[in-house]
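Take any residue in the sequence shown, count from 1 to its spot, add 3: that is its number in our numbering.
Think of the CB as a built atom: it goes at the ideal place given N, C-alpha and C, for glycine as much as any other residue.
Since the structure comes first, as structure tokens, the remarks are kept for the end.
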Amino acid sequence: MAKDHTTHQAPPQVYNWRVYALAISAAMGSAMFGYDSAFIGGTMSLPSFQDRFGLSSNTGDALASLRANIVSTFQAGCFFGVIFVYMATERFGRRWPLIVCGFIFNIGAILQVASDGIVGLIYAGRALTGLAVGASSMIIPIYISESSPPAIRGRLIGIFEIFLQVFQIFGFWVNYGVNLHLSPTSDSQWYIPFALQFIPGGLLSICMWFQPESPRWLLNANRTEQARTVLQRLRQLPADDEYLNWEVNTVLQQIEQERAMGAHNSFVAKVKEIATVPSNRKRLLLGIALMFIQNMSGINALNYYSPSIFQAIGFTGTDVGLLATGIFGIVKASATTVFMIWGVERIGRRNALLIGSAGAMVALLYIGAFAKVTGSFDGVSVGRSPGAYAAIAMVYIFSVFYAMSWNGIPWIFCAEVFPMAIRSACMLVTTCAQWLGQFTIVYSTPYMMANITYGTFFLFGFSVLFGIIFSFAFIPETKGMSLEDMDILFSQEGLAYSWRRKTDQIIRDRAEAGHLDANAFFAKDVLKPRLNSGICWYSANDDIWLLGNSSEVVEDHYVEERCKRFAHCLRFRLGPILDV
4 MAKDHTTHQA
14 PPQVYNWRVY
24 ALAISAAMGS
34 AMFGYDSAFI
44 GGTMSLPSFQ
54 DRFGLSSNTG
64 DALASLRANI
74 VSTFQAGCFF
84 GVIFVYMATE
94 RFGRRWPLIV
104 CGFIFNIGAI
114 LQVASDGIVG
124 LIYAGRALTG
134 LAVGASSMII
144 PIYISESSPP
154 AIRGRLIGIF
164 EIFLQVFQIF
174 GFWVNYGVNL
184 HLSPTSDSQW
194 YIPFALQFIP
204 GGLLSICMWF
214 QPESPRWLLN
224 ANRTEQARTV
234 LQRLRQLPAD
244 DEYLNWEVNT
254 VLQQIEQERA
264 MGAHNSFVAK
274 VKEIATVPSN
284 RKRLLLGIAL
294 MFIQNMSGIN
304 ALNYYSPSIF
314 QAIGFTGTDV
324 GLLATGIFGI
334 VKASATTVFM
344 IWGVERIGRR
354 NALLIGSAGA
364 MVALLYIGAF
374 AKVTGSFDGV
384 SVGRSPGAYA
394 AIAMVYIFSV
404 FYAMSWNGIP
414 WIFCAEVFPM
424 AIRSACMLVT
434 TCAQWLGQFT
444 IVYSTPYMMA
454 NITYGTFFLF
464 GFSVLFGIIF
474 SFAFIPETKG
484 MSLEDMDILF
494 SQEGLAYSWR
504 RKTDQIIRDR
514 AEAGHLDANA
524 FFAKDVLKPR
534 LNSGICWYSA
544 NDDIWLLGNS
554 SEVVEDHYVE
564 ERCKRFAHCL
574 RFRLGPILDV
């Protein structure tokens, strides 16, 4: 049984099948993501699809443009899906938007199956499936985390990534199967991969129909009795259970605190909070940069165009390319699962980025050098030389090192570091950055392969090298830190390798200083006379630093507002350690 670190130990009944069923139901949205990101590249290499949609009659930039448009309309839809769903989830909750995502996804699948050689319907269908995937990719982690018992929250959210990887394998291998067993002149060869999209889309809508709304969203919407009923069902506890009452009261207190901090202000107010606080700006820029570097590693070029890439490095034949792609999916999924379950909390975030980037860089640079020396991009047969086998091995080695670094760390980083009051707004921006980065890479990859050929791998390799330098300089280690201590971490100056050491020292000093009761603290008027003394005060709950510069608390409205926020929780007194 997982260890419960909350102040109230959960009874064993809360770890029941209902919470796992909820997570699996929501993860059907990540299954949509996984299948769609995997099947399209292989389907475009099928002879029947190429003949029906004109790929076989185009060459050069015309072919690159057609392939890029087919793939990238999905990412464009994802980008706008994230933006639209931000407003929908605040008003309508988590459950109904996910149900609608399944319907929209299947409408997109219908357009693609019915396209019959009309490439415009392919574009429209993929834009709709992208809209649904982008929206669900933002909702699912929030929905699962808001409904999960704390002790198994990480495990349940991990189901999101597991389903994505499993359905990627499915998407990679279905093309190999139809190419092997169906005639290249039969439309069924490309119908089947497109039609299989109905499975995850339909399952998402059907499964979510039987799941409850997020209890936290219900409490936030002042629907307390309905929230209690949902929690009673999910936790399998009686209505008067002490743990159930504690959980409801804890969430209500958190919501009250968020409102006191301005978390329910307008989006414009949240943007102002991000822009005017240096540590907030720093975190957001780091999150955006991580998302872009993740895409510049070349992983989405392999996800969407792997059959063509395997052929470009000398492995000719549709069967060979699809088989190699299927193996690539299995290797990446296995490495991701192992790392997410056993590695991420042992190795840490920063070390994983540094080690994984180094291995991925070596693999990419070898592939580029091999393609340059052999001329494989020009159609030269590489045969079965040791160098050729090493090249394909390097693709799989790249996937392993990528899986332990850039595959999940950017998402984990962004979920951990933002203050509670602006977390949703920052996640909106970083998720949009992810899909914008994907769009850029999947649209440009066909052109890069047609024009700079082997240089494509050098570009990806040196991008990962930049990722090593960037991670060393700016990404601190967040493993094992409470979310409340992230403000301390990102208030540090200098290179990131020293931030954690300084932060740990501050946390130790804070622990030695002990606790001060909030009411007694203000009743004794301790804060006011110390505002000119250079004393820092840190709130463990509301993530706010205060360095007093005015003794006129009543007349200084900015300081007064900060003092009011402090009144909601315990304080920790620090000496003038940080220049805030």
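Distance CB(serine 300)-CB(valine 467) smaller than 8 Å = If you number the sequence shown from 1, residue 300 lands on position 297. If you number the sequence shown from 1, residue 467 lands on position 464. Taking 8 Å as the Cβ cut-off, serine 300 and valine 467 qualify as a contacting pair.
In terms of alpha-carbon separation, which member of Ala453, Ser139 and Gln229 lies closest to serine 208?
-> In the sequence shown, the residue the question calls residue 208 occupies position 205. Serine 208 has its Cα closest to that of Ser139, out of Ala453, Ser139 and Gln229.
Mind checking serine 542: buried by the 16 CB within 10 Å criterion, or exposed?
-> Mapped onto the sequence shown, residue 542 falls at position 539. With a pLDDT of 40 at serine 542, under the threshold of 50, the predicted position of this residue should be treated as unreliable, and no value is reported.
Could you have a look at tyrosine 23 and say whether DSSP puts it in helix, strand or coil?
-> Translated into the one-based positions of the sequence shown, residue 23 becomes position 20. Here tyrosine 23 sits in helix by DSSP.
For isoleucine 86 and cysteine 435, the rounded distance between their alpha carbons = Counting from one through the sequence shown, the residue named residue 435 turns up at place 432. Counting from one through the sequence shown, the residue named residue 86 turns up at place 83. Distance between the alpha carbons of cysteine 435 and isoleucine 86 is about 8 Å.
In whole angstroms, what separates the C-alpha of isoleucine 333 from that of isoleucine 145?
-> Along the sequence shown, read from residue 1 onward, the residue named residue 333 stands at position 330. Along the sequence shown, read from residue 1 onward, the residue named residue 145 stands at position 142. The alpha-carbon atoms of isoleucine 333 and isoleucine 145 are separated by roughly 28 Å.
Look up alanine 242 in the DSSP assignment and say whether it is helix, strand or coil.
-> Taking the first residue of the sequence shown as 1, we reach residue 242 at position 239. Of the three classes helix, strand and coil, the one that applies to alanine 242 here is coil, per DSSP.
Okay, do the region 56-69 and the region 447-459 touch, 3+ Cβ pairs below 8 Å being the bar?
-> yes
Leaving out the 5 sequence neighbours to the left and right, which residues in its chain are closer than 6 Å to methionine 489 when beta-carbon positions are compared?
-> Start at 1 with the first residue of the sequence shown, and residue 489 comes out as number 486. Closer than 6 Å at Cβ, skipping near neighbours: Val420.
Does the distance from the CB of phenylalanine 163 to the CB of isoleucine 142 come in under 8 Å?
-> Working through the sequence shown from its first residue, we reach residue 163 at position 160. Working through the sequence shown from its first residue, we reach residue 142 at position 139. No.
Check whether the Cβ atoms of asparagine 178 and phenylalanine 42 lie closer than 8 Å to each other.
-> As a first step, residue 178 is located in the sequence shown; it is residue number 175 there, counting from the start. As a first step, residue 42 is located in the sequence shown; it is residue number 39 there, counting from the start. Yes. Within cutoff.
With contact counted as at least three CB pairs below 8 Å, one residue from each stretch, are the region 110-121 and the region 189-209 in contact?
-> yes
Can the beta-carbon of alanine 292 be found closer than 8 Å to that of phenylalanine 442?
-> Translated into the one-based positions of the sequence shown, residue 292 becomes position 289. Translated into the one-based positions of the sequence shown, residue 442 becomes position 439. Not in contact: alanine 292 and phenylalanine 442 (Cβ atoms no closer than 8 Å).
Can you tell me whether DSSP reads threonine 253 as helix, strand or coil?
-> As a first step, residue 253 is located in the sequence shown; it is residue number 250 there, counting from the start. Residue state, collapsed to three classes: helix.
Close-in-space but distant-in-sequence residues of the same chain around serine 51 (CB under 7 Å, 5 per side omitted) | Taking the sequence shown and counting its residues from 1, one reaches residue 51 at position 48. Pro187, Thr188, Ser189, Asp190, Gln192 and Trp193.
DSSP-derived helix/strand/coil call for phenylalanine 493 = In the sequence shown, residue 493 corresponds to position 490, counting from 1. In the structure shown, phenylalanine 493 sits in coil (DSSP, three-state: anything other than H, G, I, E or B).
Endpoints, alpha helix (DSSP H) assigned at aspartate 54 = Along the sequence shown, one-based indexing puts residue 54 at 51. It spans 50-55 - the alpha helix (DSSP H) in which aspartate 54 sits, taken as one unbroken run.
Is the CB-CB distance between leucine 255 and leucine 221 below 8 Å?
-> In the sequence shown, the residue the question calls residue 255 occupies position 252. In the sequence shown, the residue the question calls residue 221 occupies position 218. Contact: no.
Identify which residue in Ile350, Tyr399, Gly458 and Leu305 has its Cα closest to the Cα of valine 376.
-> Here residue 376 is taken as the residue at index 373 of the sequence shown, counted from 1. Cα-wise, what sits closest to valine 376 is Gly458.
Report back the beta-carbon spacing between asparagine 182 and aspartate 54 to the nearest angstrom; my notes put them in contact at under 8 Å.
-> For the purposes of this step, residue 182 is taken as residue 179 along the sequence shown, with counting starting at 1. For the purposes of this step, residue 54 is taken as residue 51 along the sequence shown, with counting starting at 1. Incorrect: roughly 14 Å between the Cβ atoms, too far for contact.
How is serine 388 classed by DSSP in three states: helix, strand or coil?
-> The residue given as residue 388 occupies position 385 in the sequence shown. Note: serine 388 maps to coil in three-state DSSP.
Residue range of the alpha helix (DSSP H) that threonine 132 falls in?
-> Along the sequence shown, read from residue 1 onward, the residue named residue 132 stands at position 129. Residues 122-150.
Below 8 Å between beta carbons: does that hold for glycine 359 and isoleucine 400?
-> Taking the sequence shown and counting its residues from 1, the one referred to as residue 359 is at position 356. Taking the sequence shown and counting its residues from 1, the one referred to as residue 400 is at position 397. Contact flag unset, no.
Exposed or buried, tryptophan 438, counting other C-beta atoms within 10 Å across all chains shown (16 or more means buried)?
-> Here residue 438 refers to the residue found at position 435 of the sequence shown. Buried, by the Cβ-count rule.
Under a Cβ-count criterion, where at least 16 other Cβ atoms within 10 Å of its own Cβ denotes burial, should leucine 305 be classed as buried or exposed?
-> For the purposes of this step, residue 305 is taken as residue 302 along the sequence shown, with counting starting at 1. With 16 or more Cβ atoms within 10 Å of its Cβ, leucine 305 is classed as buried.
Quick one: Cα of glycine 464 to Cα of arginine 97, how far?
-> For the purposes of this step, residue 464 is taken as residue 461 along the sequence shown, with counting starting at 1. For the purposes of this step, residue 97 is taken as residue 94 along the sequence shown, with counting starting at 1. Cα to Cα, glycine 464 sits roughly 39 Å from arginine 97.
For isoleucine 344, does the count of other Cβ atoms within 10 angstroms reach 16, so buried, or fall short, so exposed?
-> Walking along the sequence shown from the start, residue 344 turns up at place 341. With fewer than 16 Cβ atoms within 10 Å of its Cβ, isoleucine 344 is classed as exposed.
What's the C-alpha gap between arginine 387 and glycine 371?
-> To locate residue 387, count along the sequence shown from 1; it is residue 384. To locate residue 371, count along the sequence shown from 1; it is residue 368. Taking the straight line from one Cα to the other gives about 18 Å.
Please confirm whether glutamine 297 and tryptophan 409 have their CB atoms less than 8 Å apart.
-> Taking the first residue of the sequence shown as position 1, residue 297 is located at position 294. Taking the first residue of the sequence shown as position 1, residue 409 is located at position 406. Contact: yes.
Are cysteine 81 and glycine 137 touching if we call contact CB-CB under 8 Å?
-> For the purposes of this step, residue 81 is identified with residue 78 of the sequence shown, where counting begins at 1. For the purposes of this step, residue 137 is identified with residue 134 of the sequence shown, where counting begins at 1. A contact, by the Cβ cut-off of 8 Å.
Give the single residue among Lys273, Ile312 and Ile165 whose Cα lies nearest to the Cα of aspartate 1.
-> The structure shown does not extend to residue 1, since the chain spans only 4 to 583, so no value can be given for it.
Within 8 Å, strictly: CB atoms of alanine 394 and phenylalanine 373 | For the purposes of this step, residue 394 is taken as residue 391 along the sequence shown, with counting starting at 1. For the purposes of this step, residue 373 is taken as residue 370 along the sequence shown, with counting starting at 1. For alanine 394 and phenylalanine 373, yes; Cβs fall inside 8 Å.
Beta carbon of serine 33 nearer than 8 Å to that of leucine 167 | Counting from one through the sequence shown, the residue named residue 33 turns up at place 30. Counting from one through the sequence shown, the residue named residue 167 turns up at place 164. Their beta carbons are under 8 Å apart, which means serine 33 touches leucine 167 by this criterion.
How many angstroms separate the CA atom of glycine 133 from the CA atom of isoleucine 510?
-> As a position in the sequence shown, residue 133 is number 130, starting the count at 1. As a position in the sequence shown, residue 510 is number 507, starting the count at 1. About 44 Å.
Only counting runs of 4 or more residues, tell me where the alpha helix (DSSP H) segments fall wholly within the region 93-124, in order along the chain.
-> 98-116
Return helix, strand or coil for alanine 570, following the three-state DSSP convention.
-> Your numbering for residue 570 matches position 567 in the sequence shown. Only weak support exists for where alanine 570 lies, its pLDDT of 39 falling under 50; the value from the coordinates is given anyway. Here alanine 570 sits in coil by DSSP.
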